[in-house]
Amino acid sequence: MAEVLLFHHAQGLTSGVLAFAESLRAAGHTVHVPDLYDGRVFDDLADGAAYAQEKGFGSFVERGRAAAEHLPAELVYAGFSLGVLPAQALAQTRPGARGALLFHSCVPVTEFGDAWPQGVPVQIHGMDADEFFVDEGDVDAARALVESAPDAELFLYPGKEHLFADSGLPSYEEEAAALLTRRALAFLGRP
Numbered sequence: 115m116a117e118v119l120l121f122h123h124a125q126g127l128t129s130g131v132l133a134f135a136e137s138l139r140a141a142g143h144t145v146h147v148p149d150l151y152d153g154r155v156f157d158d159l160a161d162g163a164a165y166a167q168e169k170g171f172g173s174f175v176e177r178g179r180a181a182a183e184h185l186p187a188e189l190v191y192a193g194f195s196l197g198v199l200p201a202q203a204l205a206q207t208r209p210g211a212r213g214a215l216l217f218h219s220c221v222p223v224t225e226f227g228d229a230w231p232q233g234v235p236v237q238i239h240g241m242d243a244d245e246f247f248v249d250e251g252d253v254d255a256a257r258a259l260v261e262s263a264p265d266a267e268l269f270l271y272p273g274k275e276h277l278f279a280d281s282g283l284p285s286y287e288e289e290a291a292a293l294l295t296r297r298a299l300a301f302l303g304r305p
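Residue 115 is where the sequence shown starts when you use the working numbering, and the numbers rise one by one after that.
Shown next as structure tokens:
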């Protein structure tokens, strides 16, 4: 079984992020879900993104690094949207990473190094008409990562919702979220 460090999105540690973590735990995985917002949860994505921007995206990554310090090195790093920043940074820079699950976002690998690390598998999930994922360049970064890394997969789902895998938000898309969860569990179950 895998040990996962899962980071929440810009709206905070929502009930949907916690439910996703529970679905991984129910399959036998150990999942750590730090609250990088110290209890703040935003009803609106724009408000949460404004809060993250005010605090600084770099500080969000550093808080993610601090959350990993007391955990074993052999982790799978996962993140929802904004949570992809610390997840991807740790997967690329912390020795021992077992993999990365990047939901609703992906940044160019050059943000955190020269290339995706050898031997670290990665899955990227997003909707094919999500204005944030598609129009802000995340899908391009994801495609470039898949082209450059031998064990990388990009899964595009039909639809326009950004946080479609968070069951606590209006953007939740049950069918796509169920498929994302099955794919993530298969990824975590690999030897």
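Idealized CB from N, CA, C, for every residue including glycine.
If you draw a straight line from the Cα of glutamate 289 to the Cα of phenylalanine 134, it is about 14 Å long. Judged by pairs of C-beta atoms under 8 Å, the segment 211-228 touches the segment 289-302, as three or more such pairs exist. Taking serine 195 as the centre and dropping the five residues before and after it, the same chain places the C-beta of His123, Ala124, Phe217, His218, Ser219, Phe246, His276 and Leu277 closer than 8 Å to its C-beta, in chain order.
When Ala229, Leu159 and Gly213 are compared, the shortest CA-CA separation from aspartate 280 is found for Leu159.
At a Cβ-Cβ threshold of 8 Å, leucine 268 and alanine 255 do not count as neighbours. When secondary structure is reduced to three states using DSSP, alanine 166 falls in the helix class. DSSP places glutamate 267 in the uninterrupted beta strand (DSSP E) bounded by 266-271. Apart from the 5 residues on each side of it in sequence, leucine 299 sits with its Cβ closer than 6 Å to the Cβ of Ala141 in its chain, given in chain order.
One Cα belongs to aspartate 249, the other to glycine 193, and the distance between them is close to 20 Å. Residue environment: glutamine 206 is assigned as buried (16 or more neighbouring CB atoms within 10 Å of its CB, all protein chains considered).
By the Cβ neighbour-count rule, glutamine 237 is buried, with 16 or more other Cβ atoms within 10 Å of its own. Here the alpha carbons of aspartate 161 and phenylalanine 226 stand approximately 27 Å from one another.
Counting along the chain, no alpha helix (DSSP H) covers valine 147, and no H or E run does either. Rounded to whole angstroms, valine 175 and tyrosine 151 show a C-alpha spacing of 12 Å.
Of the other Cβ atoms in all chains shown, fewer than 16 fall within 10 Å of the Cβ of histidine 184; this residue is therefore exposed.
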